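J.: Please see the structure below; I have some questions.
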Amino acid sequence: MSNSDPAELPSGMSPARARSIRANALGIGVATGAYGISFGAISVASGMSAWQTQTLSLVMFTGASQFALVGVLGAGGGAVAAVVTAWLLGARNGLYALHMAPILRARGWRRLVAAQWTIDESTGMGISHEDEPTASRYAFFATGLSVYVLWNLGTLLGALGASSLDDPARFGLDAAIPAGFIALLWPRLRDRSSWAVAAAAAVVALALTPVTRPGVPVLASALVAFGAGWLLKGRR
Amino acid sequence: MWPAVLIGSLGAYLLKLAGFLVPPRVLDRPAVRVTAGFLPVALLAALVVVQTFADRQALAIDARLAGLAAAVIALLLRAPFLVVVLIAAITAALVRAMGVAS
Numbered sequence: 001m002s003n004s005d006p007a008e009l010p011s012g013m014s015p016a017r018a019r020s021i022r023a024n025a026l027g028i029g030v031a032t033g034a035y036g037i038s039f040g041a042i043s044v045a046s047g048m049s050a051w052q053t054q055t056l057s058l059v060m061f062t063g064a065s066q067f068a069l070v071g072v073l074g075a076g077g078g079a080v081a082a083v084v085t086a087w088l089l090g091a092r093n094g095l096y097a098l099h100m101a102p103i104l105r106a107r108g109w110r111r112l113v114a115a116q117w118t119i120d121e122s123t124g125m126g127i128s129h130e131d132e133p134t135a136s137r138y139a140f141f142a143t144g145l146s147v148y149v150l151w152n153l154g155t156l157l158g159a160l161g162a163s164s165l166d167d168p169a170r171f172g173l174d175a176a177i178p179a180g181f182i183a184l185l186w187p188r189l190r191d192r193s194s195w196a197v198a199a200a201a202a203v204v205a206l207a208l209t210p211v212t213r214p215g216v217p218v219l220a221s222a223l224v225a226f227g228a229g230w231l232l233k234g235r236r
Numbered sequence: 237m238w239p240a241v242l243i244g245s246l247g248a249y250l251l252k253l254a255g256f257l258v259p260p261r262v263l264d265r266p267a268v269r270v271t272a273g274f275l276p277v278a279l280l281a282a283l284v285v286v287q288t289f290a291d292r293q294a295l296a297i298d299a300r301l302a303g304l305a306a307a308v309i310a311l312l313l314r315a316p317f318l319v320v321v322l323i324a325a326i327t328a329a330l331v332r333a334m335g336v337a338s
């Protein structure tokens, strides 16, 4: 790796630790790349072009928001509802950035790259090495690079694969969309309050479906999160 | 769809960048942190039910529900993401092929 690479081996970290971080980063990248394949296929099956699908993975680069944007558009929701849903889902990345900024101390173009790579996986790896700032930075950038490259490669494979299918519903790809969302939701159902929020949001969305435009029920469910956040702010 | 793709993508990037530019005390409050944790839970749960039961503005029970049930079983068995999605798609396709549901 060149000296200007943000993932260069920093001094003061043992080679064994750097090796283990690189192996973990690659493993996480391969797993996300596999789910990039499903995003590429689902996005094209929802009516996006392969170019639009790839642009989302290159520029938006935050899985849940990408799935939400193509899901809402594909279900007949308006562009505004799709975009706002994607932003609300991406808002957590801003808080990850807030947490990582003092550890990463990135300036100039490195800050622009660090921002783009601030997602669940890179932040999780960065936080798990917080005892040593150099290791934490290395873990963040190695995971960001690995996930960025493999997520985009997976997207390309999935988009090209789905483009060659004539009728996606026949292959059950419409059922893959809710499956993708529940797989993203699953690890977040950690305690009773998250289960309660999920159940209330599901009820709100179902109740509003017959009486509002597609896209609105999902957006309205965000109010459940705001309400629960306001109620529980002092207890966590 | 290009405006949604481009504006959505740019906004998502700016949300990430904002965390590097905004002074921490502006956003680092318990209410903001708890709400930010609940937002993906609420939106993803809503997306699950809408994508399973909604056919535009009508509610319907069809092969997608069988796919979702299969996905939940796969998640309980700790299957990885791609396997969960594949099992849901295959289940829905099989249910349709057998003529059990549309």
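Residue numbers (the numbering used here), protein chains in the order written: chain A, 1 to 236; chain B, 237 to 338.
From the three backbone atoms N, C-alpha and C, an ideal C-beta is built for every residue, glycine too.
A quick note: this is a predicted structure, and the numbers were derived from the prediction, not measured.
(1) Can you tell me the Cβ-Cβ gap for Ala250 of chain A and Ala25 of chain A, rounded? I've got them flagged as a contact below 8 Å.
(2) Quick one: does Val336 of chain B have its CB under 8 Å from some CB of chain A?
(3) Comparing the C-beta of Ile309 of chain B with each C-beta of chain A, is any distance below 8 Å?
(4) In the DSSP assignment, find the unbroken alpha helix (DSSP H) run with Arg19 of chain A in it and report its ends.
(5) Inspect the beta-carbon positions of Ile37 of chain A and Gly180 of chain A and report whether they are closer than 8 Å.
(6) With a cut-off of 8 Å, does the C-beta of Leu283 of chain B fall near any C-beta of chain A?
(7) For Gly71 of chain A and Trp238 of chain B, I'd like the C-alpha separation in whole angstroms.
(8) Using a beta-carbon distance below 8 Å, is Arg261 of chain B in contact with chain A?
(9) If you draw a straight line from the alpha carbon of Ala196 of chain A to that of Arg265 of chain B, how long is it in whole angstroms?
(10) How would you call Ile297 of chain B, buried or exposed, if buried means at least 16 neighbouring beta carbons within 10 angstroms?
(11) Residues of chain B with a CB under 8 Å from the CB of Ala97 of chain A: which are they?
(12) Listing by chain order, which chain B residues have their CB less than 7 Å from the CB of Gly94 of chain A?
(13) So, with DSSP's three-state summary, where would you put Asp191 of chain A?
(14) How far does the alpha helix (DSSP H) with Ala106 of chain A in it reach, from first residue to last?
(15) From B:Leu304, B:Leu280, B:Pro316, B:Leu311, pick the residue whose C-alpha is nearest to that of Thr327 of chain B; which is it?
(16) Check for me: the alpha helix (DSSP H) holding Pro223 of chain B runs from which residue to which?
(17) Can you find at least 3 beta carbon pairs, one from the stretch 272–290 of chain B and one from the stretch 135–153 of chain A, that sit closer than 8 Å?
(18) Hey, quick one: how far does the alpha helix (DSSP H) through Gln66 of chain A stretch, first residue to last?
T.: This is what the structure gives:
(1) What the structure shows of chain A is the stretch from 1 to 236, and residue 250 of chain A is not part of that stretch, so it cannot be assessed.
(2) no
(3) no
(4) 15–45
(5) no
(6) yes
(7) Going by the C-alpha atoms only, they are around 15 Å apart.
(8) no
(9) 22 Å
(10) With fewer than 16 other Cβ atoms within 10 Å, it is exposed.
(11) Lys252, Leu253, Ala254, Gly255, Phe256
(12) Leu251, Lys252, Ala254, Gly255
(13) coil
(14) It is not in any alpha helix (DSSP H) - Ala106 of chain A carries neither H nor E in the DSSP assignment.
(15) B:Leu304
(16) In this structure chain B extends from 237 to 338, so residue 223 of chain B is not present and cannot be described.
(17) no
(18) Here the alpha helix (DSSP H) through Gln66 of chain A covers 63–74.
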